[in-house]
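Just so we're aligned, residue 133 is where the sequence shown starts under the working numbering, counting upward by one.
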Amino acid sequence: MASTTTTTTAAMISALLLLATAATFTEAQGGGSNAPSCASKLIPCASYISNTSVTPPASCCDPIKEAVRTELPCLCNLYNTPGLLASFGINVTQAVALTTRCGISADTSSCSRGN
133 MASTTTTTTA
143 AMISALLLLA
153 TAATFTEAQG
163 GGSNAPSCAS
173 KLIPCASYIS
183 NTSVTPPASC
193 CDPIKEAVRT
203 ELPCLCNLYN
213 TPGLLASFGI
223 NVTQAVALTT
233 RCGISADTSS
243 CSRGN
């Protein structure tokens, strides 16, 4: 079950990373943020989503591990929102790759769209 939970989170983490980055940008522009609470924890990973040649540091991976463990429903909500990943230029493969590089096994079956 842990590996299933982790894979699901991988895809959502990528979405959250960019969502958190976008939320931060929006706040800096003077607007509000509609980002879910779990998204802000993922900001440290934004620069590692497409940079596959660098191993993400603990400052990126530890919040992902924490989010997988304690905020999976929040992550699943982001994952199950149609077009969310794509709207930030992220695909599931990138998300899974990031979690794998952080030593987190990923399985998106934990976030079935029917749940």
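Using N, Cα and C, we set each Cβ at its ideal position, and we do this for glycine too. Keep in mind that this is a model prediction, so the values were computed, not measured.
> Between the C-alpha atoms of Ser191 and Glu198, what's the straight-line distance to the nearest angstrom?
Replying inline: The residue labelled residue 191 in the question sits at position 59 within the sequence shown. The residue labelled residue 198 in the question sits at position 66 within the sequence shown. Ser191 and Glu198: Cα-Cα distance of roughly 11 angstroms.
> Can you round the beta-carbon distance between Ser169 and Cys206 to whole angstroms, since I take them to be within the 8 angstroms contact cut?
Replying inline: Counting from 1 along the sequence shown, the entry for residue 169 is found at position 37. Counting from 1 along the sequence shown, the entry for residue 206 is found at position 74. Right, the Cβ-Cβ distance comes to about 6 angstroms (below 8 angstroms), so this counts as a contact.
> What is the residue span of the alpha helix (DSSP H) that Val249 lies within?
Replying inline: An answer regarding residue 249 cannot be provided, because it is not within the stretch 133 to 247 covered by the chain.
>> Whole angstroms are fine: how far does the CA of Ile181 sit from the CA of Ala227?
In response: Here residue 227 refers to the residue found at position 95 when the sequence shown is read from its first residue. Here residue 181 refers to the residue found at position 49 when the sequence shown is read from its first residue. The straight-line gap from Cα to Cα measures roughly 7 angstroms.
> Which word fits Ser185, buried or exposed, when buried means at least 16 other C-beta atoms lie within 10 angstroms of its C-beta?
Replying inline: Here the question's residue 185 lines up with position 53 in the sequence shown. Exposed, since its Cβ has fewer than 16 Cβ neighbours within 10 Å.
> Which class does Asn209 belong to by DSSP, given the choice of helix, strand or coil?
Replying inline: In the sequence shown, residue 209 corresponds to position 77, counting from 1. DSSP places Asn209 in helix when its eight states are reduced to three.
> Thinking C-alpha only, which one of Glu203, Pro188 and Thr213 is nearest Cys234?
Replying inline: Taking the sequence shown and counting its residues from 1, the one referred to as residue 234 is at position 102. Comparing Cα-Cα distances from Cys234 to each of Glu203, Pro188 and Thr213, the minimum goes to Pro188.
> If Ser242 sits next to Leu204, beta carbons under 8 angstroms apart, how far is it from one beta carbon to the other, in whole angstroms?
Replying inline: Within the sequence shown, numbered from 1, the residue matching residue 242 stands at position 110. Within the sequence shown, numbered from 1, the residue matching residue 204 stands at position 72. Rounded, the Cβ-Cβ distance is 7 angstroms, consistent with contact.
>> On the criterion of 16 or more Cβ atoms from any shown chain inside 10 Å, does Thr225 qualify as buried, or is it exposed?
In response: Looking up residue 225 in the sequence shown gives position 93. Under this definition Thr225 is an exposed residue.
>> Is it buried or exposed, Thr202, if we count other Cβ atoms within 10 angstroms and call 16 or more buried?
In response: Taking the first residue of the sequence shown as position 1, residue 202 is located at position 70. With fewer than 16 Cβ atoms within 10 Å of its Cβ, Thr202 is classed as exposed.
>> I'd like to know whether the C-beta atoms of Leu216 and Cys177 end up nearer to each other than 8 angstroms.
In response: To locate residue 216, count along the sequence shown from 1; it is residue 84. To locate residue 177, count along the sequence shown from 1; it is residue 45. Contact flag unset, no.
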